[in-house]
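Q: Chains as they are written, first to last, in full-length UniProt numbering: chain A, 1 to 316; chain B, 1 to 316; chain C, 1 to 316; chain D, 1 to 316.
The beta carbon of each residue, even a glycine, is placed where N, CA and C say it ideally should be.
There are 4 protein chains.
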Amino acid sequence: MPRKLTEQTNGVYAIAPTPFRQDGGIDDASLDRLTDFYAEVGCTGITVLGIMGEAPKLDAAEALDVARRVIRRSTLPIVVGVSAPGFAAMRSLATAVMEAGAAGVMIAPPPTLRTDDQIVTYFRQAVEAIGDDVPWVLQDYPLTLTVVMTPAVIARIIGDNPSCVMLKHEDWPGLEKISALRAFQKDGKLRPISILCGNGGLFLDFEMERGADGAMTGYAFPDMLVDVVAHARRGEREAAHDLFDAHLPLLRYEQQQGVGLAVRKYVLMRRGILASDVQRKPAAGLSAAAKAEIELLLARLARHDPRAQLAAAGAA
Amino acid sequence: MPRKLTEQTNGVYAIAPTPFRQDGGIDDASLDRLTDFYAEVGCTGITVLGIMGEAPKLDAAEALDVARRVIRRSTLPIVVGVSAPGFAAMRSLATAVMEAGAAGVMIAPPPTLRTDDQIVTYFRQAVEAIGDDVPWVLQDYPLTLTVVMTPAVIARIIGDNPSCVMLKHEDWPGLEKISALRAFQKDGKLRPISILCGNGGLFLDFEMERGADGAMTGYAFPDMLVDVVAHARRGEREAAHDLFDAHLPLLRYEQQQGVGLAVRKYVLMRRGILASDVQRKPAAGLSAAAKAEIELLLARLARHDPRAQLAAAGAA
Amino acid sequence: MPRKLTEQTNGVYAIAPTPFRQDGGIDDASLDRLTDFYAEVGCTGITVLGIMGEAPKLDAAEALDVARRVIRRSTLPIVVGVSAPGFAAMRSLATAVMEAGAAGVMIAPPPTLRTDDQIVTYFRQAVEAIGDDVPWVLQDYPLTLTVVMTPAVIARIIGDNPSCVMLKHEDWPGLEKISALRAFQKDGKLRPISILCGNGGLFLDFEMERGADGAMTGYAFPDMLVDVVAHARRGEREAAHDLFDAHLPLLRYEQQQGVGLAVRKYVLMRRGILASDVQRKPAAGLSAAAKAEIELLLARLARHDPRAQLAAAGAA
Amino acid sequence: MPRKLTEQTNGVYAIAPTPFRQDGGIDDASLDRLTDFYAEVGCTGITVLGIMGEAPKLDAAEALDVARRVIRRSTLPIVVGVSAPGFAAMRSLATAVMEAGAAGVMIAPPPTLRTDDQIVTYFRQAVEAIGDDVPWVLQDYPLTLTVVMTPAVIARIIGDNPSCVMLKHEDWPGLEKISALRAFQKDGKLRPISILCGNGGLFLDFEMERGADGAMTGYAFPDMLVDVVAHARRGEREAAHDLFDAHLPLLRYEQQQGVGLAVRKYVLMRRGILASDVQRKPAAGLSAAAKAEIELLLARLARHDPRAQLAAAGAA
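Next up, the structure:
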């Protein structure tokens with residue numbers, strides 16, 4: 001069983017959106033296609049029930065169903081977001097998905113935390129709740145979560161909790177934070193930790209150069225993320241930037257707060273992976289103008305990356 | 001079945017804390033005692049799974065168990081807090097507790113809402129989710145929830161949703177809001193609505209005079225709230241203020257953000273209702289100094305209100 | 001010149017409101033009366049240009065005029081609030097008021113600060129800006145400022161900056177913070193520091209027992225604050241609580257966010273100190289109902305404290 | 001005097017950073033060079049004392065000096081940011097800069113505003129304060145200011161205040177907001193209004209297509225903004241996107257919260273406009289790694305846009 005997360009984990013963990021049917025139910029067929037797609041394009045893992053997975057819009061039973069379905073279907077390690085308003089619900093979900101074969105869980109800090117000590121205490125209690133044998137990912141996403149963790153606080157959390165094996169890094173700006181953490185390690189102040197970057201991949205080009213181990217994000221072309229990470233790991237700097245820059249206009253468009261998930265689902269639908277781009281309420285939909293903009297971005301991207309050459313949109 | 005909430009509902013709805021055992025499990029015996037106690041002292045209803053009921057610290061199954069137990073045991077109408085990060089979980093809980101015999105549910109706005117339209121839309125979608133036949137209470141608690149609703153926005157929500165029958169009013173300051181809503185009604189701009197006041201009861205003396213129908217809060221002497229509401233409804237102004245003022249030093253002490261629940265559970269334990277004052281993590285405990293302060297406040301209160309004459313604290 | 005603040009400072013520092021004329025100009029005559037009044041009732045100092053002094057509503061020249069006028073007129077030490085969006089404006093005002101004879105300045109953290117290090121760094125830079133020879137008061141007011149400082153962070157700030165001689169303590173809840181800081185001192189981890197409490201005085205009864213040196217707040221009966229502090233310092237516990245409790249209904253009414261200043265100015269007007277209760281925009285005024293409630297509270301208070309026996313309100 | 005802002009204003013208004021000397025003083029020579037540079041590259045106006053102009057770090061006298069210097073030197077219309085914690089300071093600055101010849105002022109909402117009515121009232125009072133004959137720009141920047149204005153609220157503000165002639169649009173995401181406002185105009189619900197877009201220009205390609213009149217932002221290549229706006233106004237869609245996309249990797253790098261200004265000043269220094277990239281405290285500086293990243297971005301950009309061909313960095 002090589003499926004448990006470790007501090008050596010690297011590559012691209014795709015943040016999977018949750019596909020819905022027009023009637024609001026979970027679209028299992030699309031979820032299966034998505035699961036297979038991530039493996040086919042070279043992702044090294046999948047993360048389900050993240051913020052972008054509309055996890056809070058699922059009830060407890062649905063959330064568990066989604067996690068189990070992906071775990072059963074995929075040979076990749078699966079990380080499950082278990083952030084919850086309280087530790088009892090966090091423990092219930094974490095226990096169930098680890099039993100189902102998850103590789104680890106991901107925990108984000110609740111927005112009420114302010115001081116360094118509050119943050120450190122929270123994660124110690126979270127580990128008490130889920131059990132210290134469950135590998136977990138620390139999510140650092142201040143823009144959405146409003147909780148600001150300094151590199152020193154992150155180091156305290158990692159030091160306190162041996163089961164914390166990965167940082168999902170999505171501070172913005174965040175390049176100096178990667179450098180600071182890697183410097184801590186060089187100075188012996190921090191044990192090895194995997195750093196996968198989020199934020200839609202908006203700074204992945206430089207994040208790799210600063211010492212990240214890969215990406216954990218949901219951009220609708222995970223194949224590009226895989227290639228950029230591979231180029232960077234092989235030291236092919238120009239190739240990495242060239243490919244990244246070609247995608248940046250679309251990637252930036254997808255990386256809009258609130259609207260981003262609609263863009264992502266739309267592109268995944270256009271790529272034939274999802275049957276529809278339906279979201280559960282509350283949701284921001286795409287106007288006709290927005291869809292036309294995405295089509296323009298895809299067409300322009302296709303000149304550089306053939307994977308963006310899609311059949312003309314139908315009723316889109 | 002007189003147990004469904006209506007816009008005529010009045011009196012005191014006690015916000016029930018959730019009693020825990022030392023091992024963290026739910027203390028059913030204390031919960032039963034608490035349920036009986038509220039009826040004995042004259043409460044007209046009970047609210048479970050509110051913010052002060054540590055609802056987010058329960059998992060889905062526990063939450064439902066607590067609600068069902070109180071509903072089964074009590075002859076009073078029971079309101080159940082169903083606020084959730086998403087509508088699927090809200091619907092699951094609302095459906096289950098209404099089937100179990102709840103009188104209605106209570107919904108608070110999520111902290112991400114900012115504009116008037118976002119707020120109004122949220123509650124329309126919430127009603128779509130739970131069904132428009134479920135009587136519900138709109139919770140207006142900006143201090144904790146960070147969502148600010150003007151009287152006009154509250155009136156829009158009530159106008160949009162016939163199943164909204166009550167406002168849990170706990171804006172601070174909030175007296176003018178009661179007056180504004182009652183003035184809307186006088187002008188025919190708002191249909192009848194029950195207004196029960198929260199905020200620990202800190203302004204109950206004047207809230208009743210401004211037109212509130214009662215209280216929905218968790219002060220550890222609900223018997224005092226019952227008497228103040230009764231005095232006010234009978235026009236016994238001096239008596240209402242005299243009793244209220246005697247309790248104010250303790251009430252104010254209990255109405256401290258974060259610490260308040262610890263005070264409340266401690267006093268309910270000292271009154272013999274709860275077996276212990278345990279909270280689930282994360283929780284703020286009481287220091288020895290704090291306990292001594294509460295004992296002083298109880299002793300001073302006992303000179304005015306014999307209900308505060310308690311046997312000396314043991315190991316407290 | 002005993003007028004500089006030190007870590008031995010104690011008693012009551014009145015937070016002075018800024019009196020305005022009906023035409024919006026500063027009412028110098030009322031400001032003079034207020035200055036004299038504070039000395040007559042036993043205050044040991046005055047704080048001007050605080051949040052409750054409507055400082056942000058004054059332009060730079062007016063702010064300096066108010067501070068200079070009070071400094072010139074009073075024999076009491078005067079603290080001047082110099083919080084500003086940037087250090088240049090802070091330095092300009094601090095320099096000017098210290099030259100005019102102020103006893104010290106008060107600095108609140110800007111609401112953008114989140115991490116412990118950000119907070120500590122901010123105050124170090126503030127001291128660089130104003131000069132390390134200016135005695136200053138650290139304002140800790142999370143409810144309004146949204147910046148949360150642990151006792152350890154406060155100790156770091158005090159340790160870093162010898163010119164920090166006082167904490168204006170108005171965390172809520174805040175009793176344990178006083179105990180924690182005094183325990184740090186006992187353990188030799190913190191040098192002596194004056195602690196004066198704000199928050200409208202809502203917990204002054206217990207704050208004194210926890211080790212506070214007095215109050216710095218603006219309750220419209222500073223004479224009561226003076227007496228409670230004196231009783232507490234003499235160990236007259238019952239007398240302190242009796243007087244405090246008699247004022248609590250009014251004090252609580254005044255301690256409403258936003259509305260509080262209107263109540264305070266109204267009562268100071270009713271006591272004959274201010275010519276009017278005018279505030280500059282944006283301001284929350286008092287409705288007729290609110291004024292009647294204050295009159296009731298004054299009448300009830302007058303049974304216990306003759307200082308509240310005021311002539312009937314005129315056109316109020 | 002064609003220098004007053006009107007609802008027909010268009011093109012590119014450069015947000016000017018404030019240049020400082022190594023000793024912290026204002027660098028007048030750089031400020032003059034910058035003023036001239038903006039005119040030379042085709043900007044149609046300049047905005048000083050914006051958020052990115054470090055306005056809060058200047059004291060009142062310095063702020064006025066900067067505004068007057070730019071107004072005197074330039075033949076372009078100058079907009080001055082007058083946002084302030086209170087209306088008195090706002091009026092003082094607005095009056096002084098309009099007397100000095102400013103084209104108009106810019107006002108951002110304070111972060112305490114929450115409800116639609118609070119926002120609308122605030123701007124009505126601001127106009128009372130500065131005088132209704134001063135043309136002004138409404139700044140809509142939720143990411144930094146935390147105030148969310150719907151299109152309907154913006155329309156109310158514009159409807160209430162004839163002197164509001166421009167929207168500085170920097171909501172994110174914001175494309176639909178432009179479309180909604182233009183649709184209001186088509187439906188006769190909104191009078192003509194100039195819309196210039198901020199947000200570092202991150203969506204300028206599509207903002208122009210949605211109906212914006214230009215840009216008001218501080219990207220270190222305002223010449224690119226000028227060209228993109230010109231292309232868009234002439235309907236040269238491909239040319240607009242090609243140029244924009246070539247700049248996007250650097251533009252995105254500059255558009256990092258907090259760090260962005262350091263990047264901007266560094267590039268302007270590298271272009272020979274500013275003598276140094278010094279900021280006043282508190283400030284985020286650039287690490288050596290960050291400077292190397294910017295140099296890479298400049299070198300890559302230079303392949304597409306010769307204006308980015310700069311002499312090798314010296315001590316940078």
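1. Tell me whether Q118(C) sits in a helix, a strand or coil according to DSSP, three-state version.
2. If the cut is a Cβ gap below 7 angstroms, which residues of chain A does E293(D) touch?
3. Looking at the secondary structure, which residues open and close the alpha helix (DSSP H) in which L296(C) lies?
4. Let me know the secondary structure DSSP gives L202(B) once reduced to three states.
5. Rounding to the nearest angstrom, what Cα-Cα distance links T95(A) and I130(A) in this structure?
6. If we call anything under 7 angstroms between Cβ atoms a contact, is residue 381(A) one with P77(A)?
7. Put G104(D) into one of helix, strand or coil per three-state DSSP.
8. I believe F203(B) touches P151(B) by the beta-carbon criterion, under 8 angstroms. Please report the beta-carbon distance rounded to the nearest angstrom.
9. Does the Cβ of P2(D) have 16 or more other Cβ atoms within 10 Å, making it buried, or fewer, making it exposed?
10. Measure from the C-beta of D117(C) to each C-beta in chain A and report whether the shortest distance is under 7 angstroms.
11. Pick out whichever of L5(C), V80(C), S287(C) and D65(C) has its Cα sitting closest to the Cα of D27(C).
12. Taking the beta strand (DSSP E) that A215(C) belongs to, which residues open and close that run?
13. What is the DSSP secondary structure of K4(D), reduced to helix, strand or coil?
14. Give the DSSP-derived three-state secondary structure of Q255(C) in the structure shown.
15. I need the DSSP call for Q309(C), collapsed to helix, strand or coil.
16. Express the C-alpha separation of L301(B) and R307(B) in angstroms, rounding to a whole number.
17. In or out: D223(B) buried (at least 16 other Cβ within 10 Å) or exposed?
18. I need the boundaries of the beta strand (DSSP E) containing M166(B), first residue and last residue.
19. If distances are taken between C-alpha atoms only, which option among V79(A), G198(A) and N161(A) comes closest to I178(A)?
20. Do the CB positions of A275(B) and S74(B) come within less than 7 angstroms of each other?
21. Helix, strand or coil for S179(D) per DSSP?
22. Opposite T47(A) in the DSSP bridges: which residues?
23. With L138(A) as the anchor, note down where its beta strand (DSSP E) starts and where it stops.
24. Chain C partners of V267(B), CB-CB under 9 angstroms?
25. Does the distance from the CB of G115(B) to the CB of V70(D) come in under 7 angstroms?
26. What is the DSSP secondary structure of L145(C), counted as helix, strand or coil?
27. Roughly how many angstroms separate the alpha carbons of G200(A) and L175(D), rounded to a whole number?
28. Return the Cβ separation of S83(D) and I46(D) in integer angstroms, given the expectation that the two are a contact with Cβ distance under 8 angstroms.
29. Would a check of beta-carbon distances place P111(D) closer than 7 angstroms to chain A?
30. Taking the straight line between their C-alpha atoms, what separation do you get for E295(A) and L251(A)?
31. Under 7 angstroms, do R264(C) and G218(C) count as touching if we go by C-beta distance?
32. Taking the alpha carbon of M269(C) as the reference point, which residue from K281(C), A55(C), K291(C) and A239(C) has its own alpha carbon closest?
33. By the 10 Å Cβ neighbour count, where 16 or more other Cβ atoms means buried, how is L143(D) classified, buried or exposed?
34. I want to know whether the stretch 12-24 of chain D touches the stretch 279-293 of chain C - three or more CB-CB distances under 8 angstroms.
35. In the DSSP assignment, find the unbroken beta strand (DSSP E) run with I195(B) in it and report its ends.
36. For F20(D), which beta-bridge partners are listed by DSSP?
A: This is what the structure holds:
1. Reduced to three states, the DSSP call for Q118(C) is helix.
2. Going along chain A in sequence order, the residues near E293(D) (Cβ under 7 angstroms) are F206.
3. Counting along the chain, L296(C) sits inside the alpha helix (DSSP H) bounded by residues A288 to A302.
4. Reduced to three states, the DSSP call for L202(B) is coil.
5. When rounded, the distance between both Cα atoms is 7 angstroms.
6. The structure shown has nothing for residue 381(A), since chain A only spans 1 to 316.
7. Three-state result, G104(D): strand.
8. The beta carbons of F203(B) and P151(B) sit about 17 angstroms from each other, so the pair does not count as a contact at 8 angstroms.
9. Unreliable positioning characterises P2(D) in this predicted model, as indicated by a pLDDT of 49, which lies under 50. The coordinate reading is nonetheless provided below. By the Cβ neighbour-count rule, P2(D) is exposed, with fewer than 16 other Cβ atoms within 10 Å of its own.
10. It does; some Cβ of chain A falls within 7 angstroms.
11. Taking only the C-alpha atoms, the option nearest D27(C) is D65(C).
12. In the DSSP assignment, A215(C) falls within the beta strand (DSSP E) that extends over G214 to T217.
13. DSSP places K4(D) in coil when its eight states are reduced to three.
14. In this structure, Q255(C) counts as coil in the three-state DSSP scheme.
15. Correct three-state label for Q309(C): coil.
16. Cα-Cα distance, rounded: 9 angstroms.
17. Only buried fits D223(B), as 16 or more other CB atoms lie within 10 angstroms of its CB.
18. Counted as a single uninterrupted DSSP element, the beta strand (DSSP E) harbouring M166(B) occupies residues C164 to H169.
19. The shortest C-alpha to C-alpha distance from I178(A) to any of V79(A), G198(A) and N161(A) is the one to G198(A).
20. No; because the gap between Cβ atoms is not below 7 angstroms, this pair is not in contact.
21. Three-state DSSP puts S179(D) in a helix.
22. DSSP, once it has assigned bridges, lists I15(A) and V79(A) as partnering T47(A).
23. Taken as a continuous stretch (DSSP letters only), the beta strand (DSSP E) holding L138(A) covers W136 to D140.
24. Annotation: V267(B) has no Cβ neighbours in chain C at a cutoff of 9 angstroms; minimum Cβ distance is about 16 angstroms.
25. First, the residue type needs correcting, since residue 115(B) is Thr and not Gly in the sequence shown. Taking 7 angstroms as the cut-off, the Cβ atoms of T115(B) and V70(D) do not count as close.
26. Helix, per DSSP.
27. Roughly 19 angstroms between the two C-alpha positions.
28. With a Cβ gap of about 17 angstroms, S83(D) and I46(D) do not count as contacting.
29. Residue contact with chain A for P111(D): absent (no Cβ-Cβ distance below 7 angstroms to any residue of chain A).
30. Taking C-alpha positions only, E295(A) is separated from L251(A) by approximately 13 angstroms.
31. Contact flag set, yes.
32. Considering only alpha carbons, the answer is K291(C).
33. L143(D) comes out exposed.
34. Here the stretch 12-24 of chain D makes no contact with the stretch 279-293 of chain C; the two share fewer than three CB pairs at distances below 8 angstroms.
35. Element bounds for I195(B): S194 to C197.
36. Per DSSP, the beta-bridge partners of F20(D) are I26(D).
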